[in-house]
Every structure is written in structure tokens, then in C-alpha cells.
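The structure appears right after this line, and notes come after that.
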Amino acid sequence: MVDLMTLYSTPVGYVHMLLRAHVRPGDVVIDATHGNGGDTRLLRSLVGPNGIVYAFDVQLPMRADVDMTDVLLVGHENMARHVAALHHRQVRAVVFNLGYLPGGDKALTTHVDTTVEAVEQALTLIAPDGIIILVGYQHDEGRRELAALRTMLSALPSGTHTATETVFLNHDVTAPIVLTIAGVQRT
Ligand SMILES: C[S@@+](CC[C@H](N)C(=O)[O-])C[C@H]1O[C@@H](n2cnc3c(N)ncnc32)[C@H](O)[C@@H]1O
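Take the sequence shown: its position 16, counting from 1, is numbered 61 in the working numbering, and each next residue is one higher.
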């Protein structure tokens, strides 16, 4: 049963509930922005020992105790060439938590051009019933990313994808915004 208190507690709680609802043991999934590994940890627990988690980042975590097994220190705009060919069109979830690492170097933020490129590649990697989830922020570069992503997602054909935007209307005005692209075709 979906726990609404968790679902809507925070944008990250919302994203994690979506992942829990969608990702199954044995799935292939991607964390496009590993950071301190919170999303990767959840994904690893959901796919289990027979699944595969690809994780990308351009920097190491802030914390020394983060498990870096299989984390690729590569920009997500290169993800397609790092995902094995046999996993193309098999990926059930891709999660992007955009922006910069809290407490880290704000210059190492995601950028609109590379984010759009990465989402284009993610669209070629997901299974017909796969999902892409993006958490976007409202700093200057984040606003540019959100604007470009809204344009891109709005143009996706509704016969193959459903694109949504979730805004936390009564939270702080700078609260993150969650965008999703869900494949609507059966495998
Ligand atoms: C908000 S943090 C991610 C938080 C992370 N998911 C967690 O649970 O800790 C955003 C991350 O995106 C990373 N990043 C910036 N540009 C990137 C790129 N081109 N490819 C992959 N990661 C990138 C940053 O280094 C930063 O760690």
C-alpha cells in the first residue's frame, strides 16, 4: 500500500516512493547523479543481487564511507556509451537529482546542455515501460535546466510516453520540482 505521508513528505521522499513502486528485483537501473549515494543505495536494495545499478558522477562523494563499487566517474551526458549494449532499451528507471552536492563545490553543478543530452540518451536506454525521474532546483542554472526540460518533455509523443511535473505548492518557493517521463508501452 502507498504511504501518502512518505509519498508527499519531501520531493526526495516522493521520488523514492515512485522508485519503490516501480523497480523490481533483477532490474537494470541508472543513478545519473550519484553524489553521496542516497539514491544508489535505494536502487541497489530494490534490484537486489541479480540486478544492475549504473551510477554516474563527475566527483567523489563528500563522505568517505560511501560504497563506490561500480560508480563511474563520468558525466551522465556519456551514459549511453557506458551502459552495456545488451542493456539498451532494458533500463527500468533512470533517476537524476540535479544541481550540486550539498556542502560541496557549487561549481560542480549539472548544466542545462549536458542534462538535456543525458535525458536524450536516457530516452534511448529505457525499456518501453521504463521511467525517468528528474529532481530540479531553482537556482539560476537549475531554472535553465527546468525550462529546457519542460520544453523537451512537453514535445514527447503521448502515444509512447507520459511526462509529468510535480510541484510542492505549499512548501518553500524554492522547493525542488519533480519531472517524470514514463513509457506507456508494454514490453
Ligand atoms: C544533488 S547532487 C546528487 C545527490 C545524490 N543523488 C545523493 O543521493 O546524494 C547532484 C550531483 O550531480 C553531480 N553532477 C554534476 N554534473 C554532472 C554530470 N555531468 N554527470 C553526472 N553527475 C553530475 C554533482 O557532482 C553532484 O554530486
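Where is the CB? At the ideal position from N, CA and C, for every residue including glycine.
Using only CA atoms, which one of the options lies nearest to residue i?
| i | options | result |
| --- | --- | --- |
| residue 111 | 124, 90, 86 | 86 |
| residue 143 | 202, 156, 131, 137 | 156 |
| residue 146 | 104, 136, 129 | 104 |
| residue 242 | 166, 213, 88 | Since the first residue shown for the chain is 46 and the last is 232, residue 242 is missing from the structure and cannot be characterised. |
Give me, in chain order, the residues of the same chain whose beta-carbon lies closer than 7 Å to that of residue i; leave out the 5 immediate sequence neighbours on both sides.
| i | result |
| --- | --- |
| residue 197 | 161, 164 |
| residue 106 | 80, 81, 82 |
| residue 191 | 181, 222 |
| residue 92 | 68, 70, 71, 72, 74, 98 |
| residue 102 | 78, 79, 80, 116, 118 |
| residue 61 | 87 |
| residue 113 | none |
Taking 6 Å as the cut-off, is the CB of residue i close to at least one heavy atom of ligand 2?
| i | result |
| --- | --- |
| residue 103 | This structure does not include ligand 2; its bound ligands are ligand 1. |
Which first and last residues belong to the beta strand (DSSP E) in which residue i is found?
| i | result |
| --- | --- |
| residue 139 | 136 to 142 |
| residue 84 | No beta strand (DSSP E) contains residue 84, which is instead part of the alpha helix (DSSP H) from 83 to 92. |
| residue 174 | 171 to 181 |
| residue 127 | Where residue 127 is concerned, there is no enclosing beta strand (DSSP E), although the alpha helix (DSSP H) it sits in stretches over 124 to 127. |
Using 6 Å as the cut-off, classify the Cβ of residue i as near or not near the heavy atoms of ligand 1, replying yes or no.
| i | result |
| --- | --- |
| residue 81 | yes |
| residue 153 | yes |
| residue 148 | no |
| residue 55 | no |
| residue 123 | no |
| residue 142 | yes |
First and last residue of the alpha helix (DSSP H) that includes residue i?
| i | result |
| --- | --- |
| residue 20 | Outside the displayed range of the chain (46 to 232) lies residue 20, so it cannot be described from this structure. |
| residue 185 | 185 to 199 |
Shorter than 7 Å from the beta carbon of residue i to some beta carbon of chain D?
| i | result |
| --- | --- |
| residue 228 | The question asks about chain D, but that chain is absent: this structure has only one protein chain. |
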